[in-house]
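Only one structure is covered here, and it is reproduced in the block below.
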Amino acid sequence: MYVPKLSLVLIAAVLVGACATKPAPDFGGRWKHVNHFDEAPTEIPLYTSYTYQATPMDGTLKTMLERWAADSNMQLSYNLPSDYTLIGPVSAISTTSVQQAATELSAVYAAQGVSVSVSANKLLVQPVPVSSGAKL
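Next up, the structure:
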């Protein structure tokens, strides 16, 4: 009868000891209070302007212009018989102005006879005559 009581006491002591935890580590460094206000206000823009630029997933001129039109709630009028792959100079286009982006695209693809312009709420892609000195 003495052994079962002793066993019960030992089991209870082991269980209580198993619940003990190590103390929290002492983290050094500078602490920052969570619930405080800054001394000066910080501007947080709610709306950012759309940036017209090429992404690696675009791949072709038409795909990129379709994305630009959809993102800007514009219509795309693509009046060319062919699509064109994106080339190096297109990666330099990065502007918040759709007019500027269209002008830069027209300059990049001028040798292919491509004109990109903006009219009202529409991106217009049209063929233009290629000068006789340009090579296709």
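First residue of the sequence shown? That's 749 in the working numbering, and the numbers climb one at a time after it.
Where is the CB? At the ideal position from N, CA and C, for every residue including glycine.
DSSP, reduced to helix, strand and coil, places residue 757 within a helical segment of the structure shown. By the beta-carbon neighbour count (other beta carbons within 10 angstroms, threshold 16), residue 802 is buried. Between residue 808 and the set 768, 838 and 767, the nearest pair of CA atoms involves 838. Of all C-beta pairs linking the region 837 to 854 to the region 804 to 823, three or more are shorter than 8 Å, placing the two stretches in contact. With respect to the C-alpha of residue 873, the residue from 824, 843 and 833 having the closest C-alpha is 824. DSSP places residue 870 in the uninterrupted beta strand (DSSP E) bounded by 870 to 875.
With contacts defined by Cβ atoms closer than 8 Å, residue 798 and residue 844 form a contacting pair.
Cα atoms of residue 760 and residue 792: separation of roughly 58 Å, rounded to the nearest angstrom.
By the C-beta density criterion, residue 835 is exposed, having fewer than 16 other C-beta atoms within 10 angstroms. For the 8 Å CB-CB criterion, residue 812 and residue 869 do not form a contact. Rounded to the nearest whole angstrom, the C-alpha separation of residue 774 and residue 766 is 23 Å. The C-alpha of residue 764 is placed about 36 Å away from the C-alpha of residue 781. With a beta-carbon spacing of about 6 Å, residue 857 and residue 832 fall inside the 8 Å limit used to define contacts.
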